[in-house]
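Following our numbering, the numbering of the sequence shown begins with 16 at its first residue and continues without gaps. All C-beta atoms in this analysis are idealised placements derived from N, C-alpha and C, irrespective of residue type, glycine included. Remember, it's a predicted structure, so these values are computed and weren't measured experimentally. Below: the structure, in structure tokens.
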Amino acid sequence: MKETVLGYDIGGTKILALVGSTDGTVYSKVEKKTGNHLGREGLIGQLLQIGEEALRTSGNLKISRIGIICAGLIDQKNGTVITSPNIPSVNGVHLTRILSDHFGTPAFLENDAAGAAIAEKEFGLAKKSANFIYLALSTGIGSGIFIDGKLYRGSNGLAGEVGHNVIQVDGPLCSCGRKGCLEAMASGSAVARYAREALELMRGSHARTELREGMDARAVLSLWANGNREAGVIVDRVIYYLAIGIVNICCAFDPELILIGGGMSNAGENFIEKIRETVLGEFKTMGRQVKIARASPDVTSLAPLALIKYLSR
Ligand SMILES: [Zn+2]
Numbered sequence: 016m017k018e019t020v021l022g023y024d025i026g027g028t029k030i031l032a033l034v035g036s037t038d039g040t041v042y043s044k045v046e047k048k049t050g051n052h053l054g055r056e057g058l059i060g061q062l063l064q065i066g067e068e069a070l071r072t073s074g075n076l077k078i079s080r081i082g083i084i085c086a087g088l089i090d091q092k093n094g095t096v097i098t099s100p101n102i103p104s105v106n107g108v109h110l111t112r113i114l115s116d117h118f119g120t121p122a123f124l125e126n127d128a129a130g131a132a133i134a135e136k137e138f139g140l141a142k143k144s145a146n147f148i149y150l151a152l153s154t155g156i157g158s159g160i161f162i163d164g165k166l167y168r169g170s171n172g173l174a175g176e177v178g179h180n181v182i183q184v185d186g187p188l189c190s191c192g193r194k195g196c197l198e199a200m201a202s203g204s205a206v207a208r209y210a211r212e213a214l215e216l217m218r219g220s221h222a223r224t225e226l227r228e229g230m231d232a233r234a235v236l237s238l239w240a241n242g243n244r245e246a247g248v249i250v251d252r253v254i255y256y257l258a259i260g261i262v263n264i265c266c267a268f269d270p271e272l273i274l275i276g277g278g279m280s281n282a283g284e285n286f287i288e289k290i291r292e293t294v295l296g297e298f299k300t301m302g303r304q305v306k307i308a309r310a311s312p313d314v315t316s317l318a319p320l321a322l323i324k325y326l327s328r
């Protein structure tokens with residue numbers, strides 16, 4: 016049965032509220048920059064305001080539930096945010112209670128990578144896959160894992176932190192305090208760091224380069240797409256680390272499909288193809304098969320609706 020839902024997608028840079036149906040139809044959509052400077056009360060006020068605006072522009076449709084997607088570690092059972100490094104104002108906030116009290120209807124919370132996996136399961140490329148993994152390659156690396164048709168949450172609800180699998184012992188320091196995690200070796204922030212290190216090495220020499228101070232992953236990946244050699248060295252290295260990380264994941268979960276999403280997946284089909292080739296090369300004698308494809312950002316944006324649909328099963 017179709018339901019009308021108020022959905023939220025709360026990220027470090029923007030907040031999206033939408034009113035839509037659990038069949039994937041969107042009736043209205045409001046997007047604002049995340050008011051991190053507003054503090055806790057201010058940010059909560061902003062959330063309520065954006066939700067009301069989305070409801071108003073939908074023609075005040077009657078909603079039956081609220082689906083909330085939020086970046087960071089969340090306590091899905093209680094509906095609270097444990098810690099969100101990019102949206103510190105929501106740390107410890109009981110999002111489901113606040114939104115459900117305000118709008119007078121039940122609310123449900125999910126983490127962004129798990130939300131994107133659910134969206135792919137309900138509306139995207141993973142509709143027919145029972146065992147698949149959505150890998151979010153952004154500033155950090157996270158994942159949403161489906162096993163036997165169900166999202167795998169783990170005993171503390173914290174499963175899917177594949178970004179903290181160590182792939183180089185004594186490698187670079189990770190935000191989690193360990194060294195050589197996949198996230199420290201192959202995330203967007205790692206790409207930016209490799210660019211800084213390459214510039215550092217070239218300092219004083221007269222070598223010409225298109226790398227610049229302060230370049231982020233998007234800028235480096237766009238140089239790579241245009242055939243730049245130094246960016247090529249960086250991206251080859253990152254793809255190799257990603258492939259090692261993906262092979263580890265395949266050894267543990269044996270998925271039929273890996274969907275690559277997050278900001279870095281915008282580097283395009285060539286980037287995905289190189290990951291695919293490197294992963295298959297690394298399987299060696301393991302006799303494995305896995306499909307690797309790019310997740311669709313249009314599907315990811317339906318995550319709040321997909322969450323409610325998924326919870327109704
Ligand atoms: Zn780590």
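- At the C-beta level, E228 and R208 stay beyond 9 Å of one another.
- Per DSSP, reduced to three states, the secondary structure at N51 is helical.
- Within the model, the alpha-carbon separation for I148 versus P270 is close to 7 Å.
- The residues T154, in chain order, have a CB closer than 6 Å to that of S204 in the same chain once the five nearest residues on each side in sequence are set aside.
- Distances taken from the Cβ of H179 to the heavy atoms of ligand 1 include one shorter than 8 Å.
- Placement of the Cβ of A205 at a distance of 8 Å or more from every heavy atom of ligand 1 is found.
- Between I261 and I273, the gap from beta carbon to beta carbon is short of 9 Å.
- One alpha carbon belongs to A267, the other to K92, and they sit about 26 Å apart.
- Shown here for L236: same chain residues with a beta carbon closer than 6 Å to its own, the five before and five after excluded, namely A282 in chain order.
- Of the heavy atoms belonging to ligand 1, at least one sits nearer than 8 Å to the Cβ of G192.
- Ligand 1 approaches C189 closely enough that one of its heavy atoms is under 8 Å from the residue's Cβ.
- The region 55-71 makes contact with the region 105-113: 3 or more CB pairs, one atom from each, lie closer than 8 Å.
- A direct Cα-Cα distance of roughly 24 Å separates K194 from T293.
- In the structure shown, A32 adopts extended strand secondary structure according to DSSP, grouped into three states.
- Straight across, the Cα-Cα distance linking R112 with H221 is about 60 Å.
- In this structure, the straight-line span from the alpha carbon of S190 to that of A201 is close to 13 Å.
- Distances taken from the Cβ of A199 to the heavy atoms of ligand 1 include one shorter than 8 Å.
- Our two residues, S170 and E176, have alpha carbons roughly 13 Å apart in a direct line.
- Here the region 23-42 lies against the region 316-324, with 3 or more beta-carbon pairs under 8 Å apart.
- Taking a contact as a CB-CB distance under 8 Å, the pair I287 and R303 does not count as one, their CB atoms being some 18 Å apart.
- The C-beta separation of A128 from A145 comes to about 19 Å, leaving the pair out of contact by the 8 Å criterion.
- The Cβ-Cβ distance between G130 and I323 does not fall below 9 Å.
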